[in-house]
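Comments concern the structure below.
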Amino acid sequence: MRASTLPLFTSKNDPADAQVASHRLLARAGYIRKQASGLYAYLPFGYIVHRKVEQIVREEMDRFGGVEVSLPVITPAALWQESGRWDIMGKEMMRMEDRHTVPYTLGPTHEEAMTDLARSFLQSYKQLPINLYQIGKKYRDEIRPRYGLIRCREFTMKDAYSYHATDASLDETYQKMRECYRSIFERCGLKTIPVEADSGNMGGSGSEEFMVASEIGEETLLLCSDNACGYRSNQEKTPYICRDALQGVSTDIMQEISTPNAKTIEDVAKLLGIDTYHFVKAVIFEDKENIYLCFIPGDRELSEVKMKNISGATEYWPANAETIETLTNAKAGFTGPVGLKYKDTDTVTLPAAFPSTAEKDQNTPTRKTLHVYFDTHLKGRKGLVVGANKTDCHLKDVNEGRDFTATNTHDLVVAHAGDLCPQCKKSALTETRGIEVGHIFKLGKKYSQKMNLTVLDPNGKPLVPTMGCYGIGVGRTVATTVEQNHDDRGIIWNTALSPFKTYLVSLAKGDTEITFVDKLYNTLKNAGESVYLDDRDERAGIKFNDAELVGFPFIVTVGKRTMETGKIELKLRRTGEKLELTENELLEFLRSN
RNA sequence: CGGGAUGUAGCGCAGUGGUAGCGCACUUGCUUUGGGAGCAAGGGGUCGUUGGUUCAAAUCCAAUCAUCCCGACCA
């Protein structure tokens, strides 16, 4: 292709809103252009790269047993109502109505749509397993789009959904997809870290995220410092294992102490000279129908992800001051597990002072239910300091099992670097930031069940298939590849993703030289080489700079010097290494690279 | 949704009440021509929008929209 046909859209200025390398370079090198916040147009080079990633994904998915289909971008709300997610998905779902005021969504994901398609033709276990995928646009009304292609409101995703008669079959496909994803990212030249992950409100069990390590990553990964162990996990998912399980020294009888105006754990810890580790922190949330009371070690934060997974809560908020006072007889900051007014068991239907605000039919009880959770690390602890459920008072020398009982224990707190690896239980965890580019997980029967997808099993009995779900962000793959492969002059593509393999800089003046360049260009093309000829009427410097900015792997320069020496100059974009080659040597080089 | 900031030419920016500017880009001509050329001459903006204050508003005030940053949420 020639620049006179397929122009460059490079710019000397960085866009003012670009914070990160991939955004800055993709914009400046003319690959993408912003149309609105989180919405990007792909210019010719950008779209070529995008299609190349899609094609790699397609080839590998096909190789590992995927079957490509294409679903509408718009999904009727009815399908989302069937799965129950219409109300659960929050404001990030783009919603719309047609002229008849029928509600739809611009699909943020397609579990429902694909399962609806699958149930239209799946009738027998003999048709399983099947792994259906599509490559298409997804929409999420992100609170804050940022980092160019890394966090958009419209983005292209490959999403696959597999259906299985047995868990063993699901596991087999899941393992294939693990292999498939490794292969995809390797072909793209993208180094990813596969980590154990939380499956969020998708539901399900086994889950692996493919992360790209990056300081701009929006997720935190915890890795075992012992390579032999190899444990890698999303912080959201990582179980907390305390490194030094200290026991409080005192086993004295529990006593009440006055702690006026000491509301935070830090205040009281300072007052008493006791480490926050020995405190019990109470975190209270409520939603329309429930109150969630979580007790965790005082030196830790509650993991809302873990809390959500355990409680099933979706739209909740921190309990307000009145709720806490009514619940505990004390102001916020003095809640503790000893002598809780309403707690006999772990879940209690509260009195009328706690009306449920859920708008349901009259038969629904109008009282909230209290759920009490303890972090496992509180089990068996002695010498604790806890809120006394009395304003300005705490209790010290509190022993679990004697003064209160931690039933309903869960892993509730956020793990951090320095905690013990939950796998080898010997080494400490270290922390890295990461960007998620792919995610595979075992979904289970959540959607197939709710959407009434059944096939007949060998005995002629209905069977609800179990599902897997596998996603890759195409734009994110492009962006993170640039994040990993650039220098101060521009992007550095590998041959698999580069819009063109060779950037042919023509410095030709006069008919002889121009004829020579045209001939070389045609020779390369006829040899099946992907080559971009910069035939613009520009100065050498501009062409060299643009060539390096757009980042094709090989830069070939032809001009007066070529005429004099008979040698063509080849520069390797990545290393900067220069070679002087004859035309045949050049052809040979390109053929083998 | 909370906190902060910014909207002036295609892009990047200056302009604190008195005739709308700079760099790059763009057009034309001449010179130059292997690492972002020089000279000359040009074109292009109802200063985000609406309202207010004022003899006078890009500039002050209000509202509104948009964009960006920090936080909470998410692929």
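Residue numbers (our numbering): 446 to 1038.
Note that beta-carbon positions come from the ideal geometry of N, C-alpha and C, so glycine has one too.
Span separating the alpha-carbon of residue i from that of residue j
i: Y676; j: C869; result: 8 Å
i: R447; j: E617; result: 47 Å
i: E1028; j: I937; result: 24 Å
i: M622; j: F655; result: 12 Å
i: M602; j: A924; result: 13 Å
i: T773; j: K835; result: 8 Å
i: L1017; j: V927; result: 17 Å
i: A461; j: A474; result: 15 Å
i: S482; j: L874; result: 37 Å
i: E624; j: P684; result: 26 Å
i: S569; j: V900; result: 5 Å
i: A862; j: N844; result: 28 Å
i: A658; j: E664; result: 10 Å
i: V783; j: K891; result: 38 Å
i: L667; j: G593; result: 26 Å
i: T960; j: T1002; result: 15 Å
i: I1000; j: V962; result: 14 Å
i: E504; j: M1008; result: 43 Å
From the options, residue whose alpha carbon lies closest to that of residue i
i: R564; options: I729, F509, S607; result: S607
i: L898; options: V498, E527, A463; result: E527
i: K786; options: V817, T450, L488, H609; result: V817
i: S670; options: Y892, D864, R981; result: D864
i: Q620; options: Y592, E653, L668; result: E653
i: G781; options: K753, P742, T1020; result: P742
i: V498; options: V919, D979, P705; result: V919
i: F1034; options: G832, S893, T947; result: T947
i: G651; options: E749, N679, G986, L668; result: N679
i: E537; options: E599, K891, P452; result: E599
i: L484; options: K1012, F945, P944, C597; result: C597
i: P998; options: K1023, P907, L668; result: K1023
i: K582; options: G916, L908, L949, M1008; result: G916
i: E958; options: D980, E1030, E641, E587; result: D980
i: N754; options: A642, M539, L908; result: A642
i: T852; options: T611, R496, D820; result: D820
i: V830; options: K1012, I702, E767; result: I702
i: A610; options: K457, E983, V909; result: V909
i: P399; options: H555, L567, R478, R496; result: There is simply no residue 399 to check, as the chain begins at 446 and stops at 1038 in what is shown.
i: L453; options: S756, E1030, D982, S467; result: D982
i: R688; options: A860, D856, M752; result: A860
i: K841; options: E1009, R591, F961, T704; result: T704
i: Y966; options: G955, S951, D956; result: S951
Endpoints, alpha helix (DSSP H) assigned at residue i
i: I987; result: 985-995
i: M962; result: According to the sequence shown, residue 962 is Val rather than Met. Unbroken alpha helix (DSSP H) run through V962: 955-971.
i: K891; result: 891-895
i: Y626; result: 612-633
i: R469; result: 466-473
i: D712; result: 710-717
i: R447; result: R447 -> no alpha helix (DSSP H), and no H or E assigned at all.
i: L1032; result: 1028-1036
Residues of its chain near residue i, where Cβ-Cβ distance is below 7 Å and the 5 sequence neighbours each way are ignored
i: A707; result: V713, L716
i: S850; result: The sequence given here has Thr at residue 850, not Ser. Answer for T850: no residue qualifies.
i: N576; result: G510, G511, V512, A605, S607, T618
i: V858; result: Y685, I741, P742, R745, E746, L747, S748, D820
i: P903; result: Y570
i: R585; result: E537, P553, R598
i: C1045; result: This structure cannot speak to residue 1045, because the chain is shown only from 446 to 1038.
Terminal residues of the beta strand (DSSP E) in which residue i lies
i: E701; result: 700-703
i: T665; result: 664-669
i: E542; result: 539-542
i: M602; result: 599-609
i: M656; result: 652-658
Residues of its chain near residue i, where Cβ-Cβ distance is below 8 Å and the 5 sequence neighbours each way are ignored
i: A558; result: L516, P517, T520, L524, G552
i: F630; result: K636, T637, F655, V882, G883, T922
i: T709; result: G778
i: R589; result: R596
i: C674; result: C866, Q868, C869, K871, S872
i: K456; result: For clarity, residue 456 is Ser in the given sequence; the question names Lys instead. Here the set comprises A472, R473, G475.
Same chain only: Cβ atoms within 6 Å of residue i, ignoring 5 sequence neighbours per side
i: F799; result: R812, K813
i: L969; result: V976
i: G1021; result: none
i: F490; result: Y476, P944
i: L1032; result: A972
Problem - Runs of alpha helix (DSSP H) wholly within the region 479-526 (minimum 4 residues, chain order) - result: 489-508
Exercise for the section: Entirely within the region 856-911 and at least 4 residues each: give me those alpha helix (DSSP H) ranges in chain order. Expected result: 891-895
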